[in-house]
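Residue numbers (the numbering used here), protein chains in the order written: chain H, 197 to 467; chain E, 941 to 1084.
Glycine included, every Cβ here is placed at the ideal spot set by N, Cα and C.
The structure under discussion appears below in the form of structure tokens.
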Amino acid sequence: MKHFAISSVIAGLALGTCNLDAAPQGTKGVEEFDPLAFPGKVVGDVVVPVPSEVFSVLDKLGEPNWRAELRKAEMPTTSDRTKLSLLFGYTVAEGFVAVQAEDKETVKDLGRDVINLAKSLGLSKSVLPHAQSILDAADKSDWSTIRKEFDQTQKTVRDTMEQMKDLDLSHCVSLGGWLRGTASVTSVVKKGFNPDRAELLNQPMLVEHFVASIEKMPAGTRDHDVVRSIRKGLAVVLEQMESAVDGFTKDAVTEIGKTCDGLLVEILAKK
Amino acid sequence: MKSFFGRTVLITLVLALASLLHATVDESHDFAMEAAMPFVEEGFIVREDYWNGEVKSGQKLLITHQLFKGNEYAFWLGTANSGVELDMKVFDEKNQPVDIKATSDKYFMSVRVNPPKTGTYRIVFELKSKQERSVLWALAYGYR
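What follows is the structure in structure tokens.
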């Protein structure tokens, strides 16, 4: 991901100045942090965590049955690039679940799905080396390499999309992955509910980022049936997250999970 | 013909400068990865995504990032410019500073953080150079 396109939000705006050259003088350093008077630039790019970042915490809090979380979904045949991008993110996230489950055959199946989706997106050249590494590493049960390659695969695809000015599709990859990852997290949390586990769903900044990304998409993508559903679903998820001031209830976790699952059904639909 | 030649030379120069800039930005990431090496030996998983860019010397930068309680995180800030003073702090959702363990080297610095809660954190950092007006930087992170 190239991040030259830093969104220059100059905190000095609040103070009536937006001159980059007017670097603050005499400040005591970053300890004096006030977001409304931040004397610097806000880097607008958001790095979305990969599902394994959350999964690793769930592993520390118990021993989830990751095999039970795997979904043997059949990839729909489509030439719809928005849907293909969502499916790509979904598949990579499913790959992280398979790594957690240490299920090498599923990892291989998903590696092949990654190749097919990349071909349909016209991105096979950049993805093939990573997908091949996933298949090779699966044979050796080299889980850390597989995890790294899934992360690299997703980054390569998103970088390539961004280079081709398909920023909307790049966001769809992230969205598909986040929805699948969050569906897994809610499923695991529901099976052994406790506040520490449920707190992992406190991710309003990410949801707001996705909502903002959808709003900036070109009309053709923004008005796509699945994207419209996702936008509505994210509002439901955000409401649950913002209501969880004293922690998430089991009902809230169920609602977030149900919303994500419903959206995944739409992403995976044959239509 | 003369103007065509001039334009070609100009385009070549611009492209050469652009490729030089890319190489140097990549170099900043290389230094961030150098900082990550001892952490990888400790079991940290390095994320492939990272932030990078060019900033005016002394200009503070803020990144908003999701952290999960239960993970230990490390942030690695690298620069391709020499003689740069690096600083990084982490703040929680209420803008309170979070305990960190920071170490610095010539071209990079590392910060460890154990987020006390799951949520949004703000990473604030700056790079000060006495020689350069602007500094190239890259910030990567890992978790375990």
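Assuming residue i contacts residue j (C-beta within less than 8 Å), just tell me the rounded distance between them.
i: E1013(E); j: V1053(E); result: Before going further, note that residue 1013(E) is Tyr rather than Glu in the sequence given. The Cβ separation is near 5 Å, so the contact holds.
i: S275(H); j: S320(H); result: Actually they do not touch by this definition, with Cβ atoms about 15 Å apart.
i: A976(E); j: L1017(E); result: Rounded, the Cβ-Cβ distance is 11 Å, inconsistent with contact.
i: N1011(E); j: E1072(E); result: Not quite, the Cβ-Cβ distance comes to about 35 Å (not below 8 Å), so this is no contact.
i: N312(H); j: M360(H); result: Wrong, their Cβ atoms sit about 20 Å apart, outside the cutoff.
i: V239(H); j: W991(E); result: 6 Å
Please classify residue i: does DSSP put it in a helix, a strand, or coil?
i: F1065(E); result: strand
i: N1011(E); result: strand
i: Y286(H); result: helix
i: G318(H); result: coil
i: V205(H); result: For V205(H), the predicted structure reports a pLDDT of 40, less than 50, and the residue's modelled location is therefore unreliable. A value from the coordinates is still provided. V205(H) falls in the strand class under three-state DSSP.
i: M1028(E); result: strand
i: G388(H); result: coil
i: E982(E); result: coil
i: P1037(E); result: strand
i: M360(H); result: coil
i: A379(H); result: helix
i: F251(H); result: helix
i: G443(H); result: coil
i: L402(H); result: helix
i: T1004(E); result: strand
i: R277(H); result: helix
i: T1060(E); result: strand
i: L313(H); result: helix
i: A1020(E); result: coil
i: L266(H); result: coil
i: G258(H); result: coil
i: G998(E); result: coil
Suppose contacts are defined by Cβ-Cβ distances below 7 Å. Is residue i in contact with residue j by that definition?
i: L282(H); j: C368(H); result: yes
i: F292(H); j: S329(H); result: no
i: D989(E); j: K351(H); result: yes
i: T1019(E); j: S968(E); result: yes
i: L464(H); j: A269(H); result: yes
i: G373(H); j: G429(H); result: no
i: P400(H); j: G443(H); result: no
i: E395(H); j: T1060(E); result: no
i: R393(H); j: L257(H); result: yes
Could you tell me the distance, in whole angstroms, from the CA atom of residue i to the CA atom of residue j?
i: A294(H); j: D332(H); result: 15 Å
i: E345(H); j: V323(H); result: 10 Å
i: V995(E); j: K412(H); result: 26 Å
i: V422(H); j: L1076(E); result: 40 Å
i: K1034(E); j: T445(H); result: 23 Å
i: F1015(E); j: K467(H); result: 43 Å
i: L1001(E); j: L363(H); result: 23 Å
i: D419(H); j: S370(H); result: 18 Å
i: F979(E); j: V986(E); result: 9 Å
i: L397(H); j: A327(H); result: 30 Å
i: A289(H); j: G377(H); result: 6 Å
i: L998(E); j: P235(H); result: Looking at the sequence provided, one finds Gly at residue 998(E) rather than Leu. If I take the Cα positions, the gap works out to 10 Å.
i: Q348(H); j: T356(H); result: 12 Å
i: L459(H); j: L375(H); result: 8 Å
i: S439(H); j: R263(H); result: 32 Å
i: D966(E); j: E358(H); result: 18 Å
i: G416(H); j: V441(H); result: 36 Å
i: D457(H); j: R267(H); result: 11 Å
i: G388(H); j: P1037(E); result: 32 Å
i: D309(H); j: P414(H); result: 28 Å
i: V244(H); j: S425(H); result: 21 Å
i: V246(H); j: L402(H); result: 12 Å
i: R354(H); j: A314(H); result: 11 Å
i: M437(H); j: A448(H); result: 8 Å
i: E982(E); j: E974(E); result: 14 Å
i: E404(H); j: V432(H); result: 12 Å
i: E265(H); j: E259(H); result: 12 Å
i: D1032(E); j: T964(E); result: 32 Å
i: T1043(E); j: L232(H); result: 29 Å
i: K1041(E); j: F984(E); result: 15 Å
i: P1055(E); j: S366(H); result: 29 Å
i: A1080(E); j: P325(H); result: 23 Å
Item to complete: Mind the definition here: the segment 1021 to 1030 of chain E touches the segment 1055 to 1072 of chain E only if three or more C-beta pairs lie below 8 Å; say whether that holds.
Response: yes
Fill in: Stretch pair the segment 252 to 263 of chain H + the segment 995 to 1006 of chain E: three plus CB contacts closer than 8 Å
no
Item to complete: Please determine if the segment 300 to 308 of chain H and the segment 326 to 340 of chain H are in contact, where contact requires at least 3 C-beta pairs separated by less than 8 Å.
Response: yes
Practice prompt. Evaluate contact between the segment 440 to 455 of chain H and the segment 373 to 389 of chain H, counting only Cβ atoms and requiring at least three cross-stretch pairs below 8 Å.
Written response: yes
Worksheet item: Name the residues in the segment 1020 to 1033 of chain E whose C-beta lies less than 7 Å from a C-beta of chain C; which are they?
Response: No chain C is present in this structure, whose protein chains are H and E.
Worksheet item: Taking one C-beta from the segment 401 to 410 of chain H and one from the segment 264 to 279 of chain H each time, how about it: are there three or more such pairs within less than 8 Å?
Response: no
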